[in-house]
Amino acid sequence: MGEQVNRVDLKHVFEFYRAMGIEEFPYDAGSVVTEKNQAKQKKSSAGKAQKASALEKLFHEELEGCTGCKLSAKRTNIVFGEGNPSARLMFIGEAPGREEDKQGRPFVGDAGKLLTSLIEKMGLTREDVFIANIVKCRPEMNRDPEEDEISACLPFLKKQIGIIRPEVIMALGRVSAQTLLETDVQISKLRGRFASFEGIPLMPTFHPAYLLRNRKDKALTWQDALQVLELLGMKAP
Ligand code: SF4
12 MGEQVNRVDL KHVFEFYRAM GIEEFPYDAG SVVTEKNQAK QKKSSAGKAQ KASALEKLFH
72 EELEGCTGCK LSAKRTNIVF GEGNPSARLM FIGEAPGREE DKQGRPFVGD AGKLLTSLIE
132 KMGLTREDVF IANIVKCRPE MNRDPEEDEI SACLPFLKKQ IGIIRPEVIM ALGRVSAQTL
192 LETDVQISKL RGRFASFEGI PLMPTFHPAY LLRNRKDKAL TWQDALQVLE LLGMKAP
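End of the sequence shown sits at 248 in the working numbering; the numbers just go up one at a time, nothing left out.
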């Protein structure tokens, strides 16, 4: 039935073009679809390139050499964040650790390995998502970032989110979730339920460093990740 309707529709289309003096139809339906896809892909790569250059500009013009808070004194590298500038999913932790400070990359220590395995279990790669932190320089001895440090650094993260415009954010751990949601509710109560950050659905979950110490809670984080996948219209492989 549906096929019959399509044929009738196409017949009308061809008749319409003939009435306009157009006799040749150089494209078959497949190639029209392909061209549409190509145009869509071209548009999305242009968008991705624009976002990449906006992120680069943000780093070079506003963050490089930043002395906006006391964390600048002892850092080795500013850890800007990394990943796909057009990511549909963004992970936000709290602060770089020792290894991250050394390499200038987010989540590359043991907790980072656990995060990478979560991302892969979701059927994604680190290159598909964007990973960042609330503060971009390492607090000494891996202490929590303090309020003045968070206030000084948060505008940079907000700008990153504004450029990337992910469809979903996963907030990793207490500091990230409480900062982004402006609440002091415990992470164990926040996790597992979608909230919203500037109109973007945000799923609070445990920090991978916490999961290294509390392996039994990995199952809860996986449940949170499954909800995120569902919202993205994806399934775990
Ligand atoms: S933590 Fe943020 S605000 Fe503080 S010095 Fe580093 S980049 Fe600047």
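Heads up, the beta-carbon is just placed ideally off N, CA and C, and yes, glycines get one too.
**Q.** Buried or exposed (CB count within 10 angstroms, at least 16 for buried), glutamate 111
**A.** On the sequence shown, residue 111 is found 100 positions in, with the first residue counted as 1. Buried is the call here.
Q | Contacts around lysine 59, its chain only, beta-carbon distance under 8 Å, and the 5 residues preceding and following it disregarded | A | Looking up residue 59 in the sequence shown gives position 48. If we look at lysine 59 and ignore the five residues flanking it on each side, its Cβ neighbours are Asn95, Pro96 and Ser97.
**Q.** C-alpha distance - arginine 176 paired with leucine 213, whole-angstrom precision
**A.** Along the sequence shown, read from residue 1 onward, the residue named residue 176 stands at position 165. Along the sequence shown, read from residue 1 onward, the residue named residue 213 stands at position 202. Each residue's Cα considered, the two are about 12 Å apart.
(Q) Run through the DSSP bridge pairs and tell me what phenylalanine 141 is partnered with. (A) Within the sequence shown, the letter at position 130 stands for residue 141. DSSP, once it has assigned bridges, lists Gly94 and Met101 as partnering phenylalanine 141.
(Q) On the criterion of 16 or more Cβ atoms from any shown chain inside 10 Å, does glutamine 234 qualify as buried, or is it exposed? (A) As a working mapping, residue 234 is identified with position 223 in the sequence shown. Exposed is the call here.
Q: Consider the C-beta atom of glycine 79 and the heavy atoms of the ligand SF4; say whether any pair is separated by less than 7 Å.
A: Against the sequence shown, residue 79 aligns to sequence position 68. Because some heavy atom of the ligand SF4 lies under 7 Å away, the Cβ of glycine 79 counts as near it: yes.
Q. According to DSSP, is alanine 163 helix, strand or coil?
A. Walking along the sequence shown from the start, residue 163 turns up at place 152. Correct three-state label for alanine 163: helix.
**Q.** valine 179 to isoleucine 211 span [Cα, whole Å]
**A.** Taking the sequence shown and counting its residues from 1, one reaches residue 179 at position 168. Taking the sequence shown and counting its residues from 1, one reaches residue 211 at position 200. Taking the straight line from one Cα to the other gives about 6 Å.
Q) What's the gap between the Cα of aspartate 228 and the Cα of arginine 154? A) If you number the sequence shown from 1, residue 228 lands on position 217. If you number the sequence shown from 1, residue 154 lands on position 143. Cα to Cα, the separation comes out at about 22 Å.
Q: For the alpha helix (DSSP H) holding alanine 182, just list the boundary residues, first then last.
A: As a first step, residue 182 is located in the sequence shown; it is residue number 171 there, counting from the start. Run containing alanine 182: none in the alpha helix (DSSP H); it sits in the beta strand (DSSP E), 179-183.
Q: Using three-state DSSP, classify threonine 194 as helix, strand or coil.
A: Position 183 of the sequence shown holds residue 194. It is coil, neither helix nor strand.
Q: Per DSSP, which residues does alanine 206 bridge with? Please list them.
A: Taking the first residue of the sequence shown as 1, we reach residue 206 at position 195. DSSP, once it has assigned bridges, lists Leu213 as partnering alanine 206.
Q.
the ligand SF4 and leucine 66: does the residue's C-beta get closer than 7 Å to at least one heavy atom of that ligand?
A. In the sequence shown, counting from the first residue as 1, residue 66 sits at position 55. No; taking the cut-off as 7 Å, the Cβ of leucine 66 has no heavy atom of the ligand SF4 nearer than that.
Q.
Assuming contact is defined by CB atoms lying nearer than 8 Å, are valine 90 and proline 117 in contact in what I supplied?
A. Start at 1 with the first residue of the sequence shown, and residue 90 comes out as number 79. Start at 1 with the first residue of the sequence shown, and residue 117 comes out as number 106. Closer than 8 Å, so yes.
Q.
What would DSSP say about asparagine 88, mapped onto helix, strand or coil?
A. Looking up residue 88 in the sequence shown gives position 77. Coil, per DSSP.
Q. Counting along the chain, where does the alpha helix (DSSP H) carrying glycine 123 start and finish?
A. Locating residue 123 in the sequence shown gives position 112, where the first residue counts as 1. Residues 121-132.
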